[in-house]
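In my numbering, the protein residues as written are 47 to 374.
Right under this line is the structure:
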């Protein structure tokens, strides 16, 4: 009598689990969308408050050599970070040519500018399916990328702090802390994130296979290098537009890594739009002033978007060119 009811109970439990996951997912995106809207409002208000100083900036003093260095650095960082996905799928024995793997990643990454900030992962999974990479493996590779990105950002920030901990003295949150609490709170934050990661890996059996250190070494290394290069591109623009030679390059790289990581975690913000700029403006204002911080963050966003679009177009053309030749 009990056995016929088992499938029905199992189905009911599955439906309840899916409903809970859907509710959590919608709640996360709702919260992320709220943060995105607030960030856009904050940036708009900050631009309004500093508009007179912004329009009075003398663009004739722009150093175009450093601007070219900034653009070239960001282009290099795109290639470096695109190496993360091939390094992960190689652990499952997939032998996709490196140029094809990079093409898939670069072509799909333009989807990050769509609302939700996840379209590029779905697009990459769809393209990868043609090369016998399952959706499950694509999903697991995304988990590795998320974790490796946050760890790499933490390494960059930690390294910059060891070089000069005074870079955070004027930070909005650190400046209001009682003296001596910075490092204890930083350690507690690391413990908290480690505990959350351990909880997730324990509760989700399908990702326990990622506990192997082999999955993480290459992605963390590639992303750490990517952060260093991208942060340097931001520093190059600071020199090009404002001649901000007094800013330590390590500080700028660390600040950019923090801003990128926060924007990366907000699912409702396309490519971290608005959220990243809020962090950059908040942390750079004590160093170079609000008008310069605003213009610098917006120009780097514009530059990165243009280069992302160019890379995606070239990668898509490469993939489309390969399809007819493979069919023939």
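Glycine included, C-beta positions come from ideal geometry on N, C-alpha and C.
| field | Status (buried if at least 16 other CB within 10 Å, exposed otherwise) for residue 155 | value | What you label residue 155 is simply residue 109 of the chain shown in a count that begins at 1. It counts as buried.
| For residue 289, does the count of other Cβ atoms within 10 angstroms reach 16, so buried, or fall short, so exposed? | Position 243 of the chain shown, counted from the start, is the residue given in the question as residue 289. Exposure of residue 289 is indicated by the presence of fewer than 16 other C-beta atoms within 10 angstroms of its C-beta.
| task | Taking the CB atoms as reference points, tell me whether residue 134 and residue 265 lie closer together than 8 angstroms. | result | As a position in the chain shown, residue 134 is number 88, starting the count at 1. As a position in the chain shown, residue 265 is number 219, starting the count at 1. Here residue 134 is near residue 265, since their CB atoms are less than 8 angstroms apart.
| said: So, with DSSP's three-state summary, where would you put residue 121? | reply: The residue you call residue 121 lines up with position 75 of the chain shown. The answer is helix: DSSP assigns residue 121 an H, G or I state.
| task | Please confirm whether residue 339 and residue 324 have their CB atoms less than 8 angstroms apart. | result | By 1-based counting over the chain shown, the position of residue 339 is 293. By 1-based counting over the chain shown, the position of residue 324 is 278. No. Outside cutoff.
| field | Where residue 281 falls, given that 16 or more other Cβ within 10 Å makes a residue buried | value | Your numbering for residue 281 matches position 235 in the chain shown. A residue is called buried when at least 16 other Cβ atoms come within 10 angstroms of its Cβ; residue 281 meets this threshold and is buried.
| task | Note down the Cα distance separating residue 375 from residue 316, rounded to an integer number of angstroms. | result | What is shown of the chain runs 47 to 374, which leaves residue 375 out entirely.
| task | Please go through the same chain and pick out, in chain order, the residues whose beta-carbon is closer than 8 angstroms to the beta-carbon of residue 274, but skip the five residues on each side of it. | result | Along the chain shown, one-based indexing puts residue 274 at 228. Excluding sequence neighbours, residue 274 sits near 202 and 299.
| Just checking my contact of residue 206 with residue 297 at CB under 8 angstroms: how many whole Å lie between their CB atoms? | One-based indexing of the chain shown puts residue 206 at position 160. One-based indexing of the chain shown puts residue 297 at position 251. The beta-carbon distance between residue 206 and residue 297, rounded to whole angstroms, is 6 angstroms. This is short enough to meet the 8 angstroms contact definition.
| query | Is it a yes or a no for the region 304–320 touching the region 357–365, going by three-plus beta-carbon pairs under 8 angstroms? | reply | In short, these stretches do not touch, since the Cβ pair count stays below three.
| Straight-line CA distance for residue 93 to residue 115? | Taking the first residue of the chain shown as position 1, residue 93 is located at position 47. Taking the first residue of the chain shown as position 1, residue 115 is located at position 69. Roughly 27 angstroms separates the two Cα atoms.
| message | Using only the alpha-carbon positions, how far apart do residue 330 and residue 214 sit? | response | Start at 1 with the first residue of the chain shown, and residue 330 comes out as number 284. Start at 1 with the first residue of the chain shown, and residue 214 comes out as number 168. Cα to Cα, the separation comes out at about 10 angstroms.
| query | Helix or strand or just coil, what does DSSP make of residue 150? | reply | For the purposes of this step, residue 150 is taken as the residue at position 104 of the chain shown. Annotated three-state conformation of residue 150 is helix, per DSSP.
| query | Would residue 129 pass as a contact of residue 357 if the rule is Cβ separation under 8 angstroms? | reply | Residue mapping note: residue 129 aligns to position 83 of the chain shown, counting from 1. Residue mapping note: residue 357 aligns to position 311 of the chain shown, counting from 1. Note that the C-beta distance between residue 129 and residue 357 is not below 8 angstroms.
| task | If I'm right that residue 198 touches residue 269 with Cβ under 8 angstroms, what's the distance once you round it to whole angstroms? | result | Mapped onto the chain shown, residue 198 falls at position 152. Mapped onto the chain shown, residue 269 falls at position 223. Rounded, the Cβ-Cβ distance is 4 angstroms, consistent with contact.
| query | Would residue 141 be called buried (16 or more neighbouring beta carbons within 10 Å of its own) or exposed? | reply | Position 95 of the chain shown holds residue 141. The residue in question, residue 141, is exposed, as its Cβ has fewer than 16 Cβ neighbours within 10 Å.
| message | Between which two residues does the alpha helix (DSSP H) holding residue 317 run? | response | As a first step, residue 317 must be located in the chain shown, where it is residue number 271. Per DSSP, residue 317 is not a residue of any alpha helix (DSSP H), being assigned neither H nor E.
| Exposed unless 16 or more other CB atoms sit within 10 angstroms - verdict on residue 211 | Residue numbering aside, residue 211 sits at position 165 when the chain shown is read from its first letter. Around the C-beta of residue 211, fewer than 16 other C-beta atoms lie within 10 Å, and the residue is accordingly described as exposed.
| field | Limits of the unbroken alpha helix (DSSP H) element including residue 106 | value | Translated into positions along the chain shown, residue 106 becomes position 60. Counting along the chain, residue 106 falls outside any alpha helix (DSSP H), and DSSP gives it neither H nor E.
| task | Going by CA-CA distance only, name the one from 89, 150 and 75 that's closest to residue 344. | result | Sequence index remark: in the chain shown, residue 344 carries index 298 (1-based). The shortest C-alpha separation from residue 344 is found at 89.
| According to the neighbour-count rule (16 or more other Cβ atoms, all chains shown, within 10 Å of its Cβ), is residue 77 buried or exposed? | The residue given as residue 77 occupies position 31 in the chain shown. Exposed, because fewer than 16 other Cβ atoms sit within 10 Å of the Cβ of residue 77.
| field | Minimum length 4: unbroken alpha helix (DSSP H) runs contained in the region 336–374 | value | You should have 336–373.
| Reduced DSSP secondary structure (H/G/I, E/B, other) of residue 297 | Residue mapping note: residue 297 aligns to position 251 of the chain shown, counting from 1. Reduced to three states, the DSSP call for residue 297 is helix.
| message | At the level of alpha carbons, what is the spacing between residue 259 and residue 109? | response | Translated into the one-based positions of the chain shown, residue 259 becomes position 213. Translated into the one-based positions of the chain shown, residue 109 becomes position 63. For residue 259 and residue 109, the gap between their C-alpha atoms comes out near 44 angstroms.
| With DSSP run on the structure shown, which of helix, strand or coil describes residue 161? | On the chain shown, residue 161 is found 115 positions in, with the first residue counted as 1. Here residue 161 carries a coil assignment [DSSP, helix/strand/coil].
| Can you list, in chain order, the residues of its chain whose CB lies under 7 angstroms from that of residue 352, leaving out five sequence neighbours each side? | For the purposes of this step, residue 352 is taken as residue 306 along the chain shown, with counting starting at 1. Same-chain partners within the cutoff: there are none.
| said: With distance defined between alpha-carbon atoms, name the residue in 335, 153, 104 and 166 nearest to residue 293. | reply: Counting from one through the chain shown, the residue named residue 293 turns up at place 247. Closest by C-alpha distance to residue 293, out of 335, 153, 104 and 166, is 335.
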